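**Student:** First residue of the sequence shown: 91, per the working numbering; consecutive thereafter.
C-beta: ideal position from N, C-alpha, C; glycine also.
Just so it is clear, the structure is predicted and the values come from calculations on it, not from any experiment.
Submitted below is the structure of interest, expressed as structure tokens.
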Amino acid sequence: MDVKQYLEEGEQVVAEARQSRFRAGGRPFFPETVVATDRRLIIIQPLPFGRADVFFVWYRSISAVRLKRGLFSCAVEFEAMGVSHGAEAKKEWGEAGVAEITGIPCDVARKIIEVIQKASS
91 MDVKQYLEEG
101 EQVVAEARQS
111 RFRAGGRPFF
121 PETVVATDRR
131 LIIIQPLPFG
141 RADVFFVWYR
151 SISAVRLKRG
161 LFSCAVEFEA
171 MGVSHGAEAK
181 KEWGEAGVAE
191 ITGIPCDVAR
201 KIIEVIQKAS
211 S
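What follows is the structure, encoded as structure tokens:
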């Protein structure tokens with residue numbers, strides 16, 4: 091899925107990760123993509139028949155972020171205002187505003203957390 095169609099004018103991609111299909115925490119069908127730009131997080135959840143759910147989370151709305159390390163992949167968990175809906179078990183959107191993106195490479199997960207922390211400070 092091409093992320094360029096979701097970028098605003100002048101917005102730059104800083105880090106991009108796609109969920110693993112085979113590692114722990116990943117999704118064998120329709121893996122999600124998380125993109126950290128210089129302004130926000132973009133989470134793309136592909137659906138059957140070429141459709142997709144796209145979530146935009148502005149850094150200023152993120153109040154907490156956590157890296158969860160596994161043996162073969164990592165997860166990024168964050169708490170944000172307005173995050174109170176969602177879909178799949180692999181991306182657990184809680185009513186308390188907690189979201190988790192699982193099954194992504196650890197080096198990219200660390201980069202995404204760095205971007206969130208820099209933008210929030």
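#1: If you draw a straight line from the alpha carbon of residue 137 to that of residue 208, how long is it in whole angstroms?
#2: Less than 8 Å separating the beta-carbons of residue 93 and residue 126?
#3: Taking 8 Å as the cut-off, decide whether the C-beta atoms of residue 166 and residue 199 are in contact.
#4: Do you know offhand how far residue 132's Cα is from residue 195's?
#5: Shortest alpha-carbon distance to residue 52 belongs to which of 203, 147, 142?
#6: Alpha carbon to alpha carbon, how far is residue 96 from residue 147? Give it in angstroms, no decimals.
#7: Using the three-state DSSP reduction, which class does residue 140 fall into: helix, strand or coil?
#8: So what's residue 129 in DSSP terms, helix, strand or just coil?
**Tutor:** Taking the structure as given:
#1: So the two alpha carbons sit approximately 32 Å from each other.
#2: Contact flag unset, no.
#3: A Cβ-Cβ contact shorter than 8 Å links residue 166 with residue 199.
#4: Residue 195 has its alpha-carbon roughly 17 Å from the corresponding atom of residue 132.
#5: One cannot answer for residue 52 here, as it falls past the ends of the chain, which runs 91 to 211.
#6: Counting only the Cα atoms, residue 96 lies some 13 Å from residue 147.
#7: Correct three-state label for residue 140: helix.
#8: It is coil, neither helix nor strand.
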